[in-house]
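Colleague: Just so we're aligned, residue 4 is where the sequence shown starts under our numbering, counting upward by one. Backbone N, C-alpha and C fix where the C-beta goes; we use that ideal spot for every residue, glycine too. Because the structure is a prediction, the values reported are computed rather than measured. Just dropping this structure here.
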Amino acid sequence: MRAVAQAQPNIALVKYWGKQNLADNLPAVGSLSITLDSLWTRMEVEFSSELRNDRLLIGGHHDDEMLARVSGCLDQVVGTDRDRAIIQSETNFPIAAGLASSASAFAALVMAADAACGKSHELLSLARMAGRASGSAARSFYGGFVELRVDGRRIDTVQLLKDDEWPLHVVVAITAETAKPLGSTEAMIRSAESSPFYSSWVERQDEDLGAAREAVGERDFAKLASVAEHNCLKMHSVMWTSRPSIVYWNRATLSCMQTVRELQNSGVPVFFTIDAGPQVKAVCLPAAADQVAAALQETSGVSRVLQSNLGHGARLVASA
Ligand code: PMV
């Protein structure tokens, strides 16, 4: 009746932005991501017939804000007629600041809940259930390079390469430690309703996915860099041109992008990507990791850098 699972965040190189269907949280577009190794979320789920309500503790503190979303996710995995649970989450990186903490959290939650109630759903079913809570969470069930496809009214997930089949390194430049001002769901709805660029974003996504898939297949870093930066800047253009505009960046975000450009100009194999927050993720070949980390650490406004190789998908840590 108790299980603990761990999942790592993933970083999208071709982004999910927009919902086809709000009720099922079905993405409007496919996406392609890399799963990280050294950042993690651990979720412990313990069901008990003695509890009257679910209880959620994040980093040891009761959290009622996220409770409804977490309870809804447990209902999906176990069914609504279930014992209540104590859910405890620990994470080793800042949450809700554009570091994909919801991806690792809901992947770990679904995997732990499934084991704790003895359901043993197959991996794709778990990914679909987590995806209903957080679109990007479906990708954290797989390691390495992962593509999420939207197939009619469902999602499909494909592992394109394992983490050791093309080792890349990620340096995350932290430019703000506070929670983001606007959640991604609200921001996506606003983008779809008001940005004049939204329809072209959706229409052109398959082109970017095709180019990224090819780049991954050929281990072509320059090709992957080009499509990933382009796709990221398109997503942010959609946000910027929404009404009211959605700007997650701060001054240091732009300074970090400049740092990455300077590194590129001196021949360093690196590119940036940015999600729904002000942090900059620099993806590079492993040999360039120290140089990229040092340059970002010295960039004005960066409080610290986190580093990670690529890692595995969600896994069970304990179950009883
Ligand atoms: O999974 P959500 O609802 O937190 O949305 C994730 C959106 C982005 O991180 C901006 C892009 C992505 O594909 O991860």
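Comparing alpha-carbon positions, which option in VAL7, LEU16, GLN11 lies nearest ASP211?
Modeller: As a first step, residue 211 must be located in the sequence shown, where it is residue number 208. The shortest C-alpha separation from ASP211 is found at LEU16.
Colleague: To the nearest angstrom, report how far apart LEU185 and ASP278 are at their CA atoms.
Modeller: What you label residue 185 is simply residue 182 of the sequence shown in a count that begins at 1. What you label residue 278 is simply residue 275 of the sequence shown in a count that begins at 1. LEU185 and ASP278: Cα-Cα distance of roughly 12 Å.
Colleague: Look up ILE277 in the DSSP assignment and say whether it is helix, strand or coil.
Modeller: As a first step, residue 277 is located in the sequence shown; it is residue number 274 there, counting from the start. Three-state DSSP puts ILE277 in coil, outside helix and strand.
Colleague: At the level of alpha carbons, what is the spacing between LYS18 and GLU189?
Modeller: To locate residue 18, count along the sequence shown from 1; it is residue 15. To locate residue 189, count along the sequence shown from 1; it is residue 186. Spanning the two alpha carbons is a distance of roughly 16 Å.
Colleague: Cβ of TYR201 versus every heavy atom of ligand 1: is any distance shorter than 7 Å?
Modeller: Along the sequence shown, read from residue 1 onward, the residue named residue 201 stands at position 198. Not so, every heavy atom of ligand 1 lies at least 7 Å from the Cβ.
Colleague: Is it the case that the CB of ASP159 approaches a heavy atom of ligand 1 more closely than 7 Å?
Modeller: On the sequence shown, residue 159 is found 156 positions in, with the first residue counted as 1. Checking every heavy atom of ligand 1 against the Cβ of ASP159, none is found closer than 7 Å.
Colleague: Are the Cβ atoms of VAL173 and ALA296 separated by less than 8 Å?
Modeller: Indexing the sequence shown from 1 puts residue 173 at position 170. Indexing the sequence shown from 1 puts residue 296 at position 293. Not a contact, by the Cβ cut-off of 8 Å.
Colleague: What does DSSP give as the partner residues of PRO1 in its beta bridges?
Modeller: Shown here, the chain extends from 4 to 323; a query on residue 1 therefore has no answer.
Colleague: Quick check on the DSSP output: what are the complete alpha helix (DSSP H) runs of length 4 or more inside the stretch 188 to 218, in order along the chain?
Modeller: Counting only runs of 4 or more, we get 201 to 206.
Colleague: Listed in chain order, which residues are found with a beta carbon closer than 5 Å to a heavy atom of ligand 1?
Modeller: The answer, residue by residue, is ALA15, LYS18, TYR19, SER34, SER105, SER137, GLY138, SER139, SER187, ASP278, ALA279.
Colleague: For GLU49, tell me which candidate among LEU35, SER269, SER74, SER34 has the shortest Cα-Cα distance.
Modeller: Taking the sequence shown and counting its residues from 1, the one referred to as residue 49 is at position 46. Measuring from the Cα of GLU49, the nearest candidate turns out to be SER74.
Colleague: For the 8 Å Cβ check, are there 3 or more pairs between the stretch 34 to 46 and the stretch 58 to 70?
Modeller: Too few Cβ pairs lie closer than 8 Å, so no.
Colleague: Pop quiz: TRP204 and VAL241 are said to be a contact at Cβ under 8 Å. What is the actual Cβ separation, rounded to whole angstroms?
Modeller: Here residue 204 refers to the residue found at position 201 of the sequence shown. Here residue 241 refers to the residue found at position 238 of the sequence shown. The Cβ separation is near 5 Å, so the contact holds.
Colleague: Measure from the alpha carbon of HIS64 to the alpha carbon of each residue in GLN9, GLU93, MET260, then state which is nearest.
Modeller: Stepping through the sequence shown from its first residue, residue 64 is reached at position 61. The candidate whose alpha carbon is nearest that of HIS64 is GLU93.
Colleague: Which word fits GLN282, buried or exposed, when buried means at least 16 other C-beta atoms lie within 10 angstroms of its C-beta?
Modeller: Here residue 282 is taken as the residue at index 279 of the sequence shown, counted from 1. Burial call: buried.
Colleague: Which residues in the same chain as GLU47 place their Cβ atom closer than 6 Å to its Cβ, once the five residues preceding and following it in sequence are excluded?
Modeller: As a first step, residue 47 is located in the sequence shown; it is residue number 44 there, counting from the start. Hits under 6 Å: VAL7, GLN91.
Colleague: Report all residues from its chain with a CB closer than 6 Å to the CB of ALA292; omit the five preceding and five following residues, and keep chain order.
Modeller: Locating residue 292 in the sequence shown gives position 289, counting from the first residue. Answer for ALA292: HIS172, listed in chain order.
Colleague: If SER41 sits next to GLN300, beta carbons under 8 Å apart, how far is it from one beta carbon to the other, in whole angstroms?
Modeller: Looking up residue 41 in the sequence shown gives position 38. Looking up residue 300 in the sequence shown gives position 297. With 8 Å as the limit, SER41 and GLN300 do not qualify as a contact, their Cβ atoms being about 16 Å apart.
Colleague: Using the beta-carbon count (16 or more within 10 Å), is SER303 buried or exposed?
Modeller: Taking the sequence shown and counting its residues from 1, the one referred to as residue 303 is at position 300. Exposed: under 16 other Cβ atoms inside 10 Å.
Colleague: Using beta-carbon positions only, say whether ALA321 and ALA110 come within less than 8 Å of one another.
Modeller: In the sequence shown, residue 321 corresponds to position 318, counting from 1. In the sequence shown, residue 110 corresponds to position 107, counting from 1. Taking 8 Å as the Cβ cut-off, ALA321 and ALA110 do not qualify as a contacting pair.
Colleague: From what residue to what residue does the alpha helix (DSSP H) around LYS237 run?
Modeller: Position 234 of the sequence shown, counted from the first residue, corresponds to residue 237. It spans 224 to 243 - the alpha helix (DSSP H) in which LYS237 sits, taken as one unbroken run.
Colleague: Could you tell me which whole alpha helix (DSSP H) segments of length 4 or greater appear in the stretch 273 to 321?
Modeller: Taking only runs of at least 4 residues, the alpha helix (DSSP H) segments lying wholly in the stretch 273 to 321 are 292 to 300.
Colleague: Which stretch, first to last residue, makes up the beta strand (DSSP E) that contains GLU265?
Modeller: The residue given as residue 265 occupies position 262 in the sequence shown. Counting along the chain, GLU265 falls outside any beta strand (DSSP E), though it belongs to the alpha helix (DSSP H) covering 254 to 268.
Colleague: Between GLY33 and GLN208, how many whole angstroms is the CB-CB distance? I'm expecting something under 8 Å.
Modeller: Against the sequence shown, residue 33 aligns to sequence position 30. Against the sequence shown, residue 208 aligns to sequence position 205. Indeed they touch by this definition, with Cβ atoms about 6 Å apart.
Colleague: Cβ atoms of VAL161 and GLU150: under 8 Å apart, would you say?
Modeller: Walking along the sequence shown from the start, residue 150 turns up at place 147. Walking along the sequence shown from the start, residue 161 turns up at place 158. Against a cut-off of 8 Å, the Cβ pair of VAL161 and GLU150 comes out as a contact.
Colleague: Any idea what DSSP makes of LEU35, helix, strand or coil?
Modeller: The count along the sequence shown starts at 1 and reaches residue 35 at position 32. Residue state, collapsed to three classes: strand.
Colleague: Three-state secondary structure (DSSP) at GLU53?
Modeller: If you number the sequence shown from 1, residue 53 lands on position 50. In the structure shown, GLU53 sits in coil (DSSP, three-state: anything other than H, G, I, E or B).
Colleague: Quick one: give me the first and last residue of the alpha helix (DSSP H) that SER139 is part of.
Modeller: Reading the sequence shown from its first residue, position 136 is the one you call residue 139. SER139 -> no alpha helix (DSSP H), and no H or E assigned at all.
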